[in-house]
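In order, the protein sequences belong to chains A and B. 138 is the number of the first residue of the first sequence in this note's numbering; add one for each residue after it. 24 is the number of the first residue of the second sequence in this note's numbering; add one for each residue after it. The structure appears below as structure tokens.
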Amino acid sequence: MLQEILGISLIFVLTVLLALPLGRYIAKVYLGQPTWLDFMSPLENYIYKVCRINPKKEMTWQENLAALLTINFVWFFWMMFVLMNQGWLPFNPDHNPSMSADLAFNTAVSFLVNCNLQHYSGETGVTYFSQLAGLMFMQFVTAGTGMAAAAIVFKAMKEHQTNQLGNFYSYFLKSCTRILLPIALVSAVILVFNGTPMNWEGKANIVTVQGDSVQVSRGPAAAMIAIKQAGTNGGGYFGVNSAHPLENPNYLTNIIENILIILIPIAFVFALGFYLNRKKLAWMIFGVMTLGFFLLLSVSVYFEMQGNPAITKMNINQSLGSMEGKEIRFGAAASAFWGIATTTTSNGSVNAMHDSMTPLSGAMQLIDMMINALYGGVGVGFLNFYIFIIIAVFISGLMVGRTPEFLGKKIEAKEMKIATIIALLHTFLILAFTALSSYVFTQDPSVGWLNNPSFHGFSEMLYEYTSSSANNGSGFEGLSDNTPFWNITCGIVLIMSRYIPIIGPIAIAGILANKKYIPESAGTLKTDTATFGFMVFAVIFIIAALSFFPALALGPLAEFFTLR
Amino acid sequence: MKTHIVPAFLMTATLFVLLVVIYPLLVWGFAQFAPEKGQGETVSVNGKVVGFANVGQKFTEDKYFWSRPSAVEYNAAGSGGSNKGPSNPDYLAQVQARIDTFLVHNPTIPKSAIPAELLTASGSGLDPDVSPQGAEVQVARIAKNRNLPENKVRALVKTHTQGPLLGLFGPSKVNILALNLALDNL
């Protein structure tokens, strides 16, 4: 009991201790200052030369976006090709078949947008070639894309008046070579030394002690698992993700993988502080995010450690907490912590089955993804938070009767329109598509999607679209989601919820950067204070929590009250 | 768009070499220095591989410590949890059935002593462990079935119990495969 609480406290403390120096390092990378990884520069210069890119050429926000979207477009076709032809492509010792068109579309999009929603199962649905050349490749480059987008916004926030916002290719390549690759390599080696497989052989055939014939899946898992966690991707090597004893063999690997989930997202907040030389602003943002994180975390940990009330009524010993869908080596607390960490960031890997958690844990995970800006995904998490800052600045400006300004730039109607569209898009996608799927289900329950009846069944559908729209990728996996309906609707939600929230903040930042700089005066609204932090928190709470309350009441809250 | 299409292709190709060819080979290279060379630790009896140390397997016979219920029957060709919601009536009926089965095979144990993990399926369906209490409630059955003194079985459980990490962090656990193999060797 106490050891379980100590275990999760250790994860958080270690993460913050690592995120501070990492944040400073990330700021240096994007500022182009010397770092100890400068021995990578010959390699990077060689890549620039081969690609005919001048990394010093500064681009406008529109040009940067065009570069970002073009390379993403190329990746989409590569992913479709790999997934639909994996059956005959090499490195397929288990002879797994190619994907159907709708499943390939869903999987390609889902990995392209850094979501990693998985409507297939790793052991049977993909080959070793797809795992590495398709999925793992995307786990690197899409994380790099998100970080590059954030770097462009950083640059826009720093400059007094410019339309030259750095070079996307340079930010992107450095994100991969200087940040993601070193972290992934070190973590993968630690995992291998703790028993995670890294080999090229097919399934092992074994006759067990009791005489059952079983197979054990293997393959090049460690390389993928490391970047899956570090890049807030979350797409697991094995079907059950980090609940699998080979993917996450012991409590130590669980600590390491869980740190990786939130490490870069938290480091990015500190990186902003170092980059702009406004550490107080970074601490304000970190404070708001952490407050939200702890509120959700404490509820989830409490209820998971209490156990399932329906089983308590059977007079069974639940001193270990609710154990359905959980692993003994992690326990209830570390499973609940992971559940909140993975939904706070847009990671989406799991070490326990969210579908089987107690109702309010499910609710906290849903709220986490509905907010989608507490820590958030690598790079993009900060972009979402940026939108909330803009809205908070505007509202507080109106409240105190001052011109809304952020970092010396006036916020006007155009920026506010973009910010409002981004903020409402998330709500719209989740609620509209959940309503659509509920309607389809009630018209014809024989579609057979749901693994659980009643309120929980509704939660399964709500969770799927929330996870898609938050680009998270975890699921209430009881939902039978490998059908054309789910593959296609989720694919549409994924594309919209990835690119529009990248385009929006870059556009706002680009427009603001081009405006005249107004020096701070006595009349300026201070944005690095606790008061303003509270304001941002209130805006987040009103937009995210209240607009989703009716849906939550129909799903997890209703289940909670029926179970009591 | 047009100015970006050539760099996009070239950048994709060069990063492919770095991230999909070189990086996995580096990890694989390091794996050759790991104790199990990245193959996963296997357990053998009389020279024959009977399982992976970290992957659970099914034990349902009375002479063995039982492992937890599994949604995939411990076939590690795949993996999976039950994904049953906490209020699902079918699921609760299934838990009740597991309670009844357990009580039939372990008549000396009161219902309130059964830890929930023996009645609930794990997340992976391949959980290699049970809690120390999950092993303790099975000691009487094993001892009777094998004609061993209970103390001896209990001592065996104790030596196979792994405490928290560094004695401070996380739950205690007992690896069922290792425990049952030791039991066969008594």
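All C-beta atoms in this analysis are idealised placements derived from N, C-alpha and C, irrespective of residue type, glycine included. For clarity, every value in this text was computed on a predicted model and none was experimentally measured.
Within chain B, no C-beta atom comes less than 8 Å from the C-beta of A/Asp505; the nearest is roughly 19 Å away. For B/Leu204, the C-beta contacts it makes with chain A under 9 Å involve Val346, in order along the chain.
Under the 9 Å criterion on CB atoms, A/Phe592 is classed as interfacial with respect to chain B.
Counting only unbroken stretches of 3 or more residues, the beta strand (DSSP E) elements lying wholly within the stretch 347–404 of chain A are 350–353, in sequence order.
Taking 9 Å as the cut-off, the beta carbon of A/Thr264 is found closer than this to the beta carbon of A/Gly224. Distance from A/Met490 to A/Glu614 at the Cβ level is roughly 6 Å; contact confirmed, criterion being Cβ atoms closer than 8 Å.
Residues of the stretch 36–63 of chain B that bring their beta carbon within less than 7 Å of a beta carbon in chain A comprise Thr37, Leu38, Phe39, Leu42, Val43, Tyr46, Pro47, Leu49, Val50, Trp51, Phe53, Ala54, Ala57, Glu59, Gly61, Gln62 and Gly63, in sequence order.
Each residue's CA atom was taken as its position, placing A/Ile465 and B/Val197 some 9 Å apart.
Judged by DSSP in its simplified three-state form, B/Val73 adopts strand. The C-alpha of A/Gly160 lies about 45 Å from the C-alpha of A/Thr449. Scanning the stretch 626–695 of chain A from its first residue to its last, the whole alpha helix (DSSP H) runs of 4-plus residues come out as 667–677 and 684–689. Taking 9 Å as the cut-off, the beta carbon of A/Ser574 is found no closer than this to the beta carbon of A/Asn509.
Its chain contains Pro155, Ala158, Ser195, Lys196 and Val197 as the residues whose beta carbon lies nearer than 8 Å to that of B/Thr184, once the 5 sequence neighbours on both sides are disregarded; these appear in chain order. Within its own chain, the residues whose Cβ lies closer than 7 Å to the Cβ of A/Val676, once the five positions on either side in sequence are excluded, are Phe525, Ile528, Ala529 and Ile532, listed in chain order. Not a single CB atom of chain A sits nearer than 9 Å to the CB of B/Glu159. With 16 or more neighbouring CB atoms inside 10 Å of its own CB, B/Asn98 falls in the buried class.
When secondary structure is reduced to three states using DSSP, A/Ile343 falls in the strand class. Here A/Ser604 really is in contact with A/Gly485; their C-beta atoms are around 7 Å apart, less than 8 Å. The Cβ of A/Ser483 sits no closer than 9 Å to any Cβ of chain B. Counting only the Cα atoms, A/Phe213 lies some 7 Å from A/Val246. Nearest in C-alpha terms to B/Val40, of all of A/Tyr183, A/Lys292, A/Pro656 and A/Trp173, is A/Tyr183.
For A/Asn651, the closest of A/Leu147, A/Leu544 and A/Thr299 by C-alpha to C-alpha distance is A/Thr299. Sequence-distant Cβ neighbours of A/Leu400 in its own chain, meaning closer than 8 Å and more than five residues away, are Thr152, Leu155, Ala156, Leu159, Ile320 and Ala367.
Its chain contains Ala471 as the residues whose beta carbon lies nearer than 6 Å to that of A/Gly144, once the 5 sequence neighbours on both sides are disregarded; these appear in chain order. Annotation: Cβ neighbours of A/Leu147 in chain B (cutoff 7 Å, chain order): Phe192.
Inter-segment contact for the stretch 29–47 of chain B and the stretch 224–242 of chain A is absent: fewer than three beta-carbon pairs are separated by less than 8 Å. Apart from the 5 residues on each side of it in sequence, B/Lys81 sits with its Cβ closer than 8 Å to the Cβ of Ser90, Ser93, Glu96 and Tyr97 in its chain, given in chain order. Contact check between the stretch 496–504 of chain A and the stretch 685–692 of chain A: three or more CB pairs, one atom from each, fall below 8 Å, which counts as touching. Fewer than three Cβ pairs drawn from the stretch 162–176 of chain A and the stretch 419–438 of chain A lie within less than 8 Å of each other, which leaves the two stretches out of contact. For A/Leu457, the secondary structure class from DSSP, reduced to helix, strand or coil, is coil.
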